[in-house]
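Have a look at the structure below before the remarks.
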Amino acid sequence: MVQIDLDFYIKKALEQWQQFNQRIEGESSHPFHDPSDSPDIFTVPEKGLFLEGENIAISIQAKQLLNPDVFSSNQHEFLHHHNFFEFNYVVRGIVKNQLENAVMLQDNSKLLIMNPYAIHDPQLQTPDTILFNILIKKNWVEQVFVNLLSFNQSFFNFFLDAVYGLNHINPYLIFDNTPRLIFLIHQMIKEYFDHNLCYQQVLFAKLIELFAELTRQQSDHHQKENVKILQNRDLSSVLHYIQNNYATVTLEEVADKFYFSTSYLSKLIKANTNLNFTEHITHLKLQSACNYLTHSDLPIDKITEIIGYNDSSYFSKVFRKQYGMTPKQYRQIQISSLSSVHD
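Below you can see the structure in the form of structure tokens.
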């Protein structure tokens with residue numbers, strides 16, 4: 001691997017950070033309260049963080065390098081979330097990330113990914129700490145991920161469901177940093193701050209490679225966790241796994257993963273959900289379909305594929321049996337209902 005002079009790009013990132021602050025001085029693009037926010041939580045908008053035509057941007061948090069004398073590890077609390085996705089990569093030092101229900105101490109060994117609903121407050125803990133943020137526009141993620149169904153299902157859902165506000169249960173993903181991941185991130189930093197022709201396209205290619213590495217790591221982690229699951233087989237873990245993988249999961253797969261017999265697992269699910277396994281999966285699929293029909297412009301064929309049906313006509317048949325109307329009719333009613341609320 002060719003080494004990248006990251007110190008050079010840290011300087012360029014700091015220059016960009018100064019220019020950003022000059023641009024927003026006196027403007028209304030400072031972080032603001034969203035009507036749905038609590039009084040102590042801010043929403044940080046895209047404006048100013050992405051240059052024109054950018055879907056992927058990179059910024060730095062290391063202002064203490066410009067004025068070391070003012071550094072303090074006891075910083076003013078600034079809980080916030082975004083309307084974009086963010087990767088937190090610590091080059092060196094320690095970041096104390098105040099999450100909604102926990103505190104995470106992050107160093108170079110961990111990579112944190114947050115969807116737009118993730119409430120957090122990263123605070124630099126040492127004078128030499130450098131934190132890079134890789135930012136990805138929410139509306140662009142829909143266009144990209146709807147065509148990337150080959151990724152791990154729960155990893156895919158983390159991004160696509162966040163676009164439509166379908167799943168706020170786990171707005172954070174934490175990965176172990178590896179030499180390969182660090183190298184890819186350094187390549188992205190170099191590409192972004194070199195700002196050469198087609199840099200956004202190159203960043204996209206690197207991002208897909210990054211996602212592939214993370215998906216492989218997640219898959220390996222799940223395999224290692226199987227032994228622990230044998231010792232801690234609670235139903236909530238089973239139902240959570242089914243919910244994250246409803247599009248492709250089978251009863252046999254869940255039984256093997258959690259070390260149950262298929263007959264016992266069927267009885268367990270029935271006793272706790274009042275639905276057998278097939279009915280429970282159908283319920284999850286149709287629930288997800290309703291959300292996509294209401295909150296997205298995705299074609300019905302694409303929704304059919306996302307939720308795990310191979311045939312849109314069969315999906316329509318199942319949908320009509322449950323709701324007494326076709327998916328198209330359901331979408332029209334929901335759009336009409338939403339329009340009347342906004343009028």
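Under the UniProt record's numbering, the first residue of the sequence shown carries the number 1, and numbering increases by one thereafter.
For each residue, glycine too, the CB sits at the ideal point set by N, CA and C.
Since we're looking at a predicted model, the values are computed, not measured.
Same chain only: Cβ atoms within 6 angstroms of residue i, ignoring 5 sequence neighbours per side
i      : result
Leu286 : Gln322
Leu214 : Phe175
Ser266 : Phe277
Phe50  : Ala57
Met104 : Asn97
Reference residue i, options the options, closest by Cα
i           : options                        : result
Ile10       : Ser261, Tyr89, Ile41, His82    : Tyr89
Thr273      : Thr43, Glu54, Leu239           : Leu239
Leu6        : Ser336, Leu173, Ala271, Lys190 : Lys190
residue 344 : Gln3, His295, Val318, Thr304   : As displayed, the chain neither begins before 1 nor continues past 343, which places residue 344 out of reach and without an answer.
Asn21       : Thr43, Phe8, Gly48             : Gly48
Val44       : Arg320, Lys270, Gln18, Asn115  : Asn115
Leu210      : Phe193, Pro127, Glu46, Thr178  : Thr178
Lys63       : Leu207, Glu100, Phe42, Gln125  : Gln125
Leu197      : Leu251, Ala289, Glu54, Gln243  : Glu54
Ile134      : Gln329, Phe8, Leu184           : Leu184
Glu52       : Val103, Phe8, Gln200           : Gln200
Ser219      : Asn245, Asp194, His195         : Asn245
Extent of the continuous alpha helix (DSSP H) to which residue i belongs
i      : result
Met325 : Element bounds for Met325: n/a, residue is neither H nor E.
Leu293 : 277-295
Ser109 : Careful: Ser109 lies outside any alpha helix (DSSP H) and carries neither H nor E.
Glu305 : 300-306
His186 : 179-194
Ile269 : 262-273
Lys96  : Where Lys96 is concerned, there is no enclosing alpha helix (DSSP H), although the beta strand (DSSP E) it sits in stretches over 95-99.
Phe78  : Per DSSP, Phe78 belongs to no alpha helix (DSSP H) and is neither H nor E.
Asp256 : 251-258
Contact under 8 angstroms by Cβ, residue i with residue j
i      : j      : result
Leu275 : His283 : yes
Asn83  : Lys138 : yes
Ile113 : Ile56  : no
Ser312 : Asp297 : no
Asn97  : His81  : no
Leu65  : Phe87  : no
Gln61  : Leu131 : yes
Asn67  : Arg92  : no
Leu306 : His280 : One detail in the question is off: residue 306 reads as Ile in this sequence, not Leu. No.
Thr129 : Ile94  : yes
Phe319 : Ala289 : yes
Distance between beta carbons of residue j and residue i, contact taken as under 8 angstroms
i      : j      : result
Thr262 : Gly308 : Contact doesn't hold; Cβ gap of about 19 angstroms is too wide.
Leu268 : Leu235 : 6 angstroms
Ser316 : Pro299 : Going by Cβ atoms, the distance from Ser316 to Pro299 rounds to 13 angstroms, so no, they are not a contact pair.
Leu79  : Ile41  : 5 angstroms
Cβ-based neighbour list, residue i, same chain, cut-off 8 angstroms, excluding 5 preceding and 5 following
i      : result
Arg180 : Glu213
Lys206 : Leu184, Gln187, Met188, Glu191
Range of the contiguous beta strand (DSSP E) that encloses residue i
i      : result
Asn244 : Careful: Asn244 lies outside any beta strand (DSSP E), inside the alpha helix (DSSP H) at 235-244.
Ala57  : 56-61
Phe42  : 42-44
Gln64  : Looking at the DSSP string, Gln64 is not in any beta strand (DSSP E), and its letter there is neither H nor E.
Asp176 : 172-176
Phe132 : 130-137
Leu124 : 120-124
Phe87  : 84-92
Close Cβ partners of residue i (< 7 angstroms) along its chain, the five nearest in sequence each way excluded
i      : result
His186 : Ile4, Leu6
Ser28  : A caution first: Ser28 carries a pLDDT of 48, below 50, which makes its placement in the model unreliable, though a value can still be read off. There are no such residues.
Thr304 : Ser312, Phe315
Leu14  : Ile60, Ala62, Leu65, Leu66
Glu46  : Asn83, Phe84, Lys137
heavy atom of the ligand COA below 7 angstroms from residue i C-beta
i    : result
Phe8 : This structure does not include the ligand COA; it has no bound ligands of any sort.
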